[in-house]
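The opening position of the sequence shown corresponds to residue 0 in numbering that gives the first Met the number 0, with each subsequent residue numbered one higher. What follows is a set of notes on a single structure, which appears directly below.
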Amino acid sequence: MRIIYKLLAKRSAILLSLFFVLFIFGCYQGVLDPIDRQAGLTRKEFQDVLIKDKSKKSKTDNEINDSQVPLPKFSRVLAMPKSPKVGGDKLITFSITEQVPLKDVLMELGRVAKIDVDIDPAIDGTVIISAKDRPLMEVIDRICEMGGIRYTYKDGILNFENDDPYAKHYIVDYLSTGQLWGEVQTNVTAILGADASSSISINKTAGIMTIYADSKQHKDIELYLKEVQKNASAQVLIEAKIVEVTLSDEYKTGIDWSWTAKNGADVLKTSGGFNSASPVTLVLGDAKRFFHGSLNASISALETFGTVRGISSPRVTAMNNQKARLDFTTDLVYFKIERKQDDLTNPTGGTNSRITSTSTPVTITQGIILDIAPSINLKTNEITLNVKPELSKLSGFADDPINVGNKVPQMVKRTLDTTAKIQNGEVLVIGGLMSDDSSVNETGVPFLNRIPILGYLFKSNSQISKVVETVIFIKATIINSGNATSKSDRDFHEKFDLNPQPYL
Numbered sequence: 000m001r002i003i004y005k006l007l008a009k010r011s012a013i014l015l016s017l018f019f020v021l022f023i024f025g026c027y028q029g030v031l032d033p034i035d036r037q038a039g040l041t042r043k044e045f046q047d048v049l050i051k052d053k054s055k056k057s058k059t060d061n062e063i064n065d066s067q068v069p070l071p072k073f074s075r076v077l078a079m080p081k082s083p084k085v086g087g088d089k090l091i092t093f094s095i096t097e098q099v100p101l102k103d104v105l106m107e108l109g110r111v112a113k114i115d116v117d118i119d120p121a122i123d124g125t126v127i128i129s130a131k132d133r134p135l136m137e138v139i140d141r142i143c144e145m146g147g148i149r150y151t152y153k154d155g156i157l158n159f160e161n162d163d164p165y166a167k168h169y170i171v172d173y174l175s176t177g178q179l180w181g182e183v184q185t186n187v188t189a190i191l192g193a194d195a196s197s198s199i200s201i202n203k204t205a206g207i208m209t210i211y212a213d214s215k216q217h218k219d220i221e222l223y224l225k226e227v228q229k230n231a232s233a234q235v236l237i238e239a240k241i242v243e244v245t246l247s248d249e250y251k252t253g254i255d256w257s258w259t260a261k262n263g264a265d266v267l268k269t270s271g272g273f274n275s276a277s278p279v280t281l282v283l284g285d286a287k288r289f290f291h292g293s294l295n296a297s298i299s300a301l302e303t304f305g306t307v308r309g310i311s312s313p314r315v316t317a318m319n320n321q322k323a324r325l326d327f328t329t330d331l332v333y334f335k336i337e338r339k340q341d342d343l344t345n346p347t348g349g350t351n352s353r354i355t356s357t358s359t360p361v362t363i364t365q366g367i368i369l370d371i372a373p374s375i376n377l378k379t380n381e382i383t384l385n386v387k388p389e390l391s392k393l394s395g396f397a398d399d400p401i402n403v404g405n406k407v408p409q410m411v412k413r414t415l416d417t418t419a420k421i422q423n424g425e426v427l428v429i430g431g432l433m434s435d436d437s438s439v440n441e442t443g444v445p446f447l448n449r450i451p452i453l454g455y456l457f458k459s460n461s462q463i464s465k466v467v468e469t470v471i472f473i474k475a476t477i478i479n480s481g482n483a484t485s486k487s488d489r490d491f492h493e494k495f496d497l498n499p500q501p502y503l
């Protein structure tokens with residue numbers, strides 16, 4: 000018996016071990032992963048997802064059938080609901096073909112729409128309307144437009160009253176010292192028309208405009224102020240690079256600007272041809288096409304014509320239709336001397352002369368002044384630039400003919416006034432601002448060249464002349480400070496988002 004018992008126990012242990020192995024294998028292959036049961040995948044399925052078989056050729060995006068890709072499930076946006084519409088999406092058929100008092104029309108409208116209505120007893124007049132299967136709100140708006148009334152909807156009650164003027168405050172952020180206040184006031188007054196019951200009051204310090212008008216006028220004013228705010232707050236980032244090119248002998252007449260046409264530039268305006276000392280203005284087109292969007296690369300290309308020296312690389316942000324000034328000048332001071340002679344009588348009866356000298360400092364500037372006034376068109380993404388560069392340089396000194404020894408500086412000025420329309424991100428180039436620098440270089444034998452008269456035999460003079468052309472690169476980029484939301488996002492918000500908060 001003991002032997003049989005041992006054999007049964009041994010066989011039971013073998014069967015139990017085999018069952019345990021089969022159970023573990025089954026759990027590994029088919030039972031849900033105990034770590035992440037919510038995914039609904041077994042461990043083997045996890046391996047198939049995470050470990051890619053490199054021997055299999057992966058499908059490209061073009062080989063994937065769109066029908067095999069499941070559409071994502073959209074969840075409703077958790078946001079505050081919009082204000083309830085009058086009647087929701089209810090369609091009604093409503094017709095008034097005879098002259099019926101407006102109050103009776105509104106009562107009939109409430110009966111047809113099955114909505115409680117409150118009517119101001121002061122409402123008067125008649126309307127004729129015919130609407131077939133039209134939204135209730137549209138019918139109400141049409142009646143109010145014809146009857147000169149307005150309505151409110153609260154707690155399921157539709158209230159009608161005469162569209163009498165009422166006060167509304169508009170918050171604006173115009174500069175108190177700017178001209179925009181006067182222009183806006185003039186245009187708002189024109190919207191109000193000759194209606195004596197309407198008025199406008201402005202508090203520039205607080206930035207508040209109080210307007211007393213009816214609802215239709217308020218809608219027109221809101222639309223106007225919205226457009227003014229959007230355009231007036233638009234800004235442009237102006238990046239300027241000012242360089243001087245000391246021209247080589249081959250290009251003494253000026254830079255040959257025809258090279259820019261080979262690199263994507265569009266000629267905007269020229270005077271005297273490309274290869275000329277006359278001012279030239281051109282647009283380098285899309286900055287992405289021109290030297291792959293690198294301003295430094297385009298400036299380096301000027302080294303073909305001579306030695307390039309950078310003067311300044313300023314960056315400034317300018318408001319729409321507001322002038323920005325870039326000043327790169329140094330002050331030169333000289334003195335204006337005035338002498339006055341007075342005759343004085345002495346005690347002996349004779350006269351003495353007294354001379355009084357007065358010295359007045361006079362300051363003049365040397366360098367570059369760049370005035371830029373941008374005008375932005377947000378619809379077409381275009382920028383109109385009015386550019387006025389002024390280049391002034393010291394050319395020498397002149398003797399004061401009255402005051403011996405007094406030196407007066409002589410200045411050379413180059414100015415240009417141009418207006419150009421460019422696309423957002425394009426580069427405007429202004430060239431042809433030329434100056435001729437001459438200097439005399441004296442060489443000779445030391446000591447001997449200083450001997451009077453004979454010294455000329457031991458020295459020589461050479462005149463060095465160099466032509467410098469100043470080139471200004473201006474890149475303008477619109478900064479959408481008032482609204483950083485793209486048009487596609489705004490359209491999606493208006494169509495699908497239930498959040499009543501609008502994009503600003």
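Even for Gly, the Cβ is constructed at its ideal location relative to N, Cα and C.
Exercise for the section: Would you mind sorting ASP162 into buried or exposed? The rule is 16 or more other CB atoms within 10 Å of its CB. Expected result: Here ASP162 is buried. Its C-beta has 16 or more other C-beta atoms within 10 Å.
Exercise for the section: Could you round the C-beta distance between LEU369 and ARG314 to whole angstroms and report it? I think they count as a contact, below 8 Å. Expected result: Actually they do not touch by this definition, with Cβ atoms about 13 Å apart.
Handout entry: Same chain, Cβ closer than 6 Å to TYR173, neighbours up to 5 away in sequence not counted
Key = Closer than 6 Å at the Cβ level, and outside the excluded window around TYR173, lie LEU179, TRP180.
Handout entry: Coil, strand or helix - TYR150 by DSSP
Key = Three-state result, TYR150: strand.
Practice task
Compute the distance between the beta-carbons of ASN505 and ALA239, then report whether it is under 8 Å.
Solution key: Nothing can be reported for residue 505, as the shown portion of the chain is limited to 0 through 503.
Handout entry: Classification of SER299 by the beta-carbon crowding that lies within 10 angstroms, buried from 16 upward
Key = Burial call: exposed.
Exercise for the section: Please say whether ILE91 and ALA112 have beta carbons closer to each other than 8 Å? Expected result: Cβ distance < 8 Å, so ALA112 and ILE91 count as in contact.
Handout entry: Simplified DSSP assignment, three categories, for GLU425
Key = GLU425 falls in the coil class under three-state DSSP.
Handout entry: ALA317 classed as buried or exposed, judged by whether at least 16 other C-beta atoms fall within 10 angstroms
Key = Label assigned to ALA317: buried.
Problem - Contacting residues, own chain, Cβ-Cβ under 6 Å from ASP341 (five flanking each side not counted) - result: Taken in chain order, the residues that qualify are ARG353.
Exercise for the section: Could you have a look at TYR223 and say whether DSSP puts it in helix, strand or coil? Expected result: Three-state result, TYR223: helix.
Practice task
Indicate the three-state DSSP secondary structure (helix, strand or coil) for TYR250 in the structure shown.
Solution key: Secondary structure of TYR250 (DSSP, three-state): helix.
Practice task
Go through its chain and collect everything with a Cβ distance to SER374's Cβ below 6 Å, but skip five positions before and after it.
Solution key: Hits under 6 Å: ASN320, THR383.
Exercise for the section: Compute the Euclidean distance between the alpha carbons of TYR223 and TYR152, then round it to the nearest angstrom. Expected result: Taking the straight line joining both Cα atoms gives about 26 Å.
Handout entry: Endpoints, the beta strand (DSSP E) within which ASN351 is located
Key = Where ASN351 is concerned, the enclosing beta strand (DSSP E) stretches over 350-376.
Problem - Collapsed DSSP secondary structure at GLY109 in the structure displayed - result: Note: GLY109 maps to helix in three-state DSSP.
Exercise for the section: Would you give the residue range spanned by the alpha helix (DSSP H) that LEU90 belongs to? Expected result: Annotation for LEU90: no alpha helix (DSSP H) segment contains it, though the beta strand (DSSP E) segment containing it runs 90-100.
Problem - Closest residue to ALA514 among GLU425, SER94, LYS131 (Cα-Cα distance) - result: This structure cannot speak to residue 514, because the chain is shown only from 0 to 503.
Practice task
Could you work out which residue in ILE139, ASP88, PRO134, GLY87 is closest to MET106 when comparing CA atoms only?
Solution key: A check of alpha carbon separations from MET106 across ILE139, ASP88, PRO134, GLY87 identifies ILE139 as the nearest.
Problem - C-alpha distance - GLY147 paired with THR418, whole-angstrom precision - result: In a straight line, the C-alpha of GLY147 is about 48 Å away from that of THR418.
Handout entry: Helix, strand or coil at ASP60 according to DSSP, with G and I counted as helix
Key = The pLDDT assigned to ASP60 is 47, lower than 50, so where the model puts this residue is not dependable, and the model offers no usable value.
Problem - Residue interval of the beta strand (DSSP E) (run including GLN409) - result: 406-414 is the extent of the beta strand (DSSP E) around GLN409.
Problem - LEU325 beta carbon less than 8 Å from that of VAL244 - result: In this structure, LEU325 does not lie closer than 8 Å to VAL244 by Cβ.
Practice task
Tell me where the beta strand (DSSP E) around ALA205 begins and ends.
Solution key: According to the DSSP assignment, ALA205 belongs to no beta strand (DSSP E), since it is labelled neither H nor E.
Problem - LYS84 beta carbon less than 8 Å from that of MET145 - result: If you check the CB distance, MET145 and LYS84 do not come in under 8 Å.
Practice task
Keeping to the same chain, check which residues put their C-beta closer than 7 Å to that of PRO100; ignore five residues upstream and five downstream.
Solution key: Excluding sequence neighbours, PRO100 sits near THR125.
Exercise for the section: Could you tell me the distance, in whole angstroms, from the CA atom of LYS251 to the CA atom of GLY305? Expected result: Each residue's alpha carbon lies about 10 Å from the other.
Practice task
On the DSSP bridge assignment, give the partners of ILE336 in chain order.
Solution key: Bridge partners of ILE336: SER358.
Problem - Neighbour-count burial assignment, LEU427, 16 or more Cβ in a 10 Å radius - result: When all chains shown are included, LEU427 counts as buried.
Problem - Under the three-state DSSP convention, the category THR303 falls into - result: Annotated three-state conformation of THR303 is helix, per DSSP.
Handout entry: DSSP-derived helix/strand/coil call for ALA239
Key = In the structure shown, ALA239 sits in a strand (DSSP, three-state: E or B).
Exercise for the section: With a 10 Å radius around its C-beta and 16 neighbouring C-beta atoms as the bar for buried, classify SER391 as buried or exposed. Expected result: Buried: at least 16 other Cβ atoms inside 10 Å.
Exercise for the section: Please report how far the alpha carbon of ALA195 lies from the alpha carbon of THR362, in whole angstroms. Expected result: Those two C-alpha atoms are separated by around 56 Å.
Handout entry: CB contact flag (ILE421, ILE471, <8 Å)
Key = No, the pair does not count as a contact, with Cβ atoms beyond the cut-off.
Exercise for the section: Determine the burial state of PRO451: buried for a count of at least 16 other Cβ atoms within 10 Å of its Cβ, exposed for fewer. Expected result: Counting Cβ neighbours within 10 Å, PRO451 comes out exposed, since fewer than 16 surround it.
Practice task
Within 10 angstroms of the Cβ of THR469, are there 16 or more other Cβ atoms? Answer buried if so, exposed if not.
Solution key: Counting C-beta atoms within 10 angstroms of its own C-beta, THR469 has 16 or more neighbours from the protein chains shown and is therefore classed as buried.
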